[in-house]
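Convert by adding 13 to the 1-based position in the first sequence; the result is the number in this note's numbering. No residue lacks a Cβ here, since even glycine has one placed at the ideal position from N, Cα and C. This structure is a prediction, so every number in the text was calculated from the model and none was measured. Only one structure is covered here, and it is reproduced in the block below.
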Amino acid sequence: MRYQRPKGTADILPGQSEAWHFVEETARLLFGDYRYNEIRTPLFESFDVFARSAGDTSDVVTKEMYDFHDKGDRHIALRPEGTAGVVRAYVENKLYGPEFAKPYKAFYIGPMFRYERPQSGRQRQFHQVGVEAFGSDSPALDVEVIAMATQFFETLGLTGLRVAINSLGDAESRENYRQALIDYLKPHYDELSDDSKERLEKNPLRVLDSKDPKDQQFVEDAPSILDYLTESAQAHFTEVKALLTELKIDFEIDETMVRGLDYYNHTIFEIMIESEAFGKGYTTVCGGGRYSGLVKEFGGPADVSGVGFGIGLERLILLLDSEGIEMPTANDLDVYVVGIGDETSHETLKLVQAIRGFGFSADRDFLDRKPKAQFKSADREKASFVMTLGQNELDAGTVNFKSMVTGKEDTIKLSDIYEDFPQIYDQHFEE
RNA sequence: GCGGUAUUGGUGAAGUGGUUAACACACCGGUUUGUGGAUCCGGCACGCAUGGGUUCGAUUCCCAUAUACCGCCCCA
């Protein structure tokens, strides 16, 4: 094997790509119903676009960015997620201007890149679908976004969703909580895992995410961020909960759910699902939340906030597969044209072309194979009908028309097929 | 970035330091000089991820590299 695909990449082959279309089309249609329109931004951006949005010290920037210098010595990075590019485009195209609807709602679908160690469902090139809505602080928009995500999964046929929400409050709430958390954890410093010791220094909220069982014991008794929300932050969260209840969307509050970045505030949420595909327990298939400051960071107005989510498509399709959800496969073949003898090649090609011209699918043999082998191909491609054309038919100006379902055969004039194939098709399909 | 397991044909896989690398599925051909899903028969790895090394001899042992998978880190 001379060449192999780059580490952490995958070929999506015919047979699988139909499932991708299904998921993507479902997203396009549904998001359209919510009046989110597709935005397509470059797969690569200036390195700074992502470094800016993620913070210079985060692992994403230092470790996971797929970056390089181009021939003009520009520092380029392949996009590791969708939000930064969308925000950049929002600001660069001045979509906050008065002529645009507010909130400005957009979705994206496409490949993302992270230079990390591949594992199942984690690749260096992977795909996400996500949405962003800018320019409204309304809790109703938070809930619309959550509702859209849950409806997306339900439309795909998934059940047993679990919606977890939390609030990080505003900047003041976060600062108060951060200090409280440090005060709580500091006395236990020596008992924490090495990883969490470091987290405590760099990003205390991350300790809440630790997988270490000992850490988790401390986390259980840690103060809750919800007790540190300012009055207005509290009001926002209360309204979100009320609206979710109104929409009959079941949710639970996870006080330990956090985000690493400072830009997140108020509502954050994850949608989880229990599936064999990812071992036991619930796995997150969608993460999202509200953020502020990003637009300003990119040079836009200071007061424009955003809310959105991202969904990893590889994981989602793994999930749909393991849940046995029916997804469309390659479309069936209407007609297979069997040609017998070299002399028929011209006519069989004209036939398939004519049938395709009428909007039906048609195929023929290209390997000079015998009739039996051609019938096998027709069978494998699930052809509804087979037309057989040999010297006899050619002389008579006819074709043998066989239904692969009933096995019934009929002789049809070539001229009739060229004139009105749909009529012949309908007539025989009825039987 | 760290640790572990694995790598045999189109696929699933068995196998051994020594002459022809099981078996099954798929595919191709024949049985039927022009008709599918069945039966039977035949074909299908000069090769065991790649590169070195040990050995009289390696797919089998050792080392390196690549890739996949699992765990950690991280996951905006």
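Short Cβ contact (9 Å threshold) for residue i with residue j
i      : j      : result
Val348 : Ala375 : yes
Ala367 : Ile425 : no
Tyr121 : Val144 : yes
Gly323 : Val142 : yes
Ala146 : Gly313 : no
Ile281 : Asn344 : no
Leu333 : Leu171 : yes
Gln138 : Ala23  : yes
Phe44  : Met161 : yes
Arg101 : Glu51  : no
Glu310 : Ser66  : yes
Glu327 : Gly182 : no
Pro152 : Glu252 : yes
Leu91  : Phe113 : no
Ser288 : Thr296 : yes
Asp423 : Phe414 : yes
Asp449 : Ser206 : This structure leaves residue 449 out entirely; the chain is present only between 14 and 444.
Gly352 : Asp378 : yes
Leu346 : Ala396 : yes
Gly21  : Glu129 : yes
Val350 : Met400 : yes
Per-residue burial, residue i [other beta carbons within 10 Å of its own, 16 or more giving buried]
i      : result
Ile437 : buried
Pro111 : exposed
Lys383 : exposed
Leu5   : No answer is possible for residue 5: the residues shown for the chain start at 14 and end at 444.
Gln192 : exposed
Pro55  : exposed
Ser335 : exposed
Ser30  : exposed
Pro93  : buried
Tyr187 : According to the sequence as given, residue 187 is Arg; it is not Tyr. Its Cβ being crowded by 16 or more others within 10 Å, Arg187 is buried.
Ala64  : buried
Leu380 : exposed
Arg212 : buried
Leu108 : buried
Thr361 : buried
Thr163 : buried
Helix, strand or coil at residue i [DSSP, three-state]
i      : result
Pro152 : helix
Gln177 : Inspection of the sequence shows that residue 177 is occupied by Ala rather than by Gln. If DSSP states are grouped into helix, strand and coil, Ala177 belongs with the strands.
Asn216 : coil
Asp222 : helix
Tyr190 : helix
Gly143 : strand
Tyr79  : strand
Ser237 : coil
Ser59  : strand
Residue closest to residue i, alpha-carbon to alpha-carbon, out of the options
i      : options                        : result
Val308 : Val99, Gly85, Val36            : Val99
Asn216 : Phe231, His359, Tyr190         : Tyr190
Phe371 : Glu336, Phe434, Thr419         : Phe434
Glu339 : Arg65, Val156, Ile330          : Ile330
Val158 : Glu422, Asp222, Gly301         : Gly301
Pro236 : Ile195, Ile262, Ser416         : Ile195
Thr197 : Phe63, Ala184, Val232, Leu181  : Residue identity check: residue 197 is Tyr in the sequence provided, not Thr. It is Val232.
Glu443 : Ala409, Phe398, Gly410         : Phe398
Leu221 : Ile262, Asp267, Pro200         : Asp267
Leu427 : Thr419, Glu167, Lys415, Leu402 : Leu402
Gln285 : Asp61, Glu167, Lys115, Gly420  : In the sequence as displayed, the identity of residue 285 is Met instead of Gln. If we check each option's Cα against that of Met285, Glu167 comes out closest.
Asn278 : Asp150, Gly21, His140          : Asp150
Ile89  : Gly95, Phe81, Thr96            : Phe81
Arg303 : Met417, Asp240, Glu129, Gly148 : Gly148
Asp83  : Ile262, Phe60, Gln17           : Phe60
Val62  : Gln387, Glu105, Glu129, Asp225 : Glu105
Ser119 : Glu77, Asp86, Asp46, Ala177    : The identity of residue 119 in the sequence shown is Ala, whereas the question assumes Ser. Residue Asp46 is the option with its Cα nearest to Ala119.
Gly337 : Arg18, Ala32, Arg272, Arg369   : Ala32
Glu265 : Pro226, Gly410, Glu37, Ala177  : Ala177
Near the ligand PLP: residue i beta-carbon under 8 Å from a heavy atom
i      : result
Lys389 : In terms of ligand content, the structure shown is empty, and the ligand PLP therefore cannot be addressed.
Whole beta strand (DSSP E) runs in the stretch 242–313 with 3 or more residues, listed along the chain? Counting only runs of 3 or more, we get 277–287, 295–305.
Entirely enclosed alpha helix (DSSP H) segments - the stretch 314–396, minimum 4 residues: 326–335, 358–370, 384–393
Continuous beta strand (DSSP E) assignments of at least 3 residues falling wholly in the stretch 84–141: 88–91, 117–126
Which ranges does the alpha helix (DSSP H) cover as unbroken runs of at least 4 residues, wholly within the stretch 395–430, from first to last along the chain? 404–409
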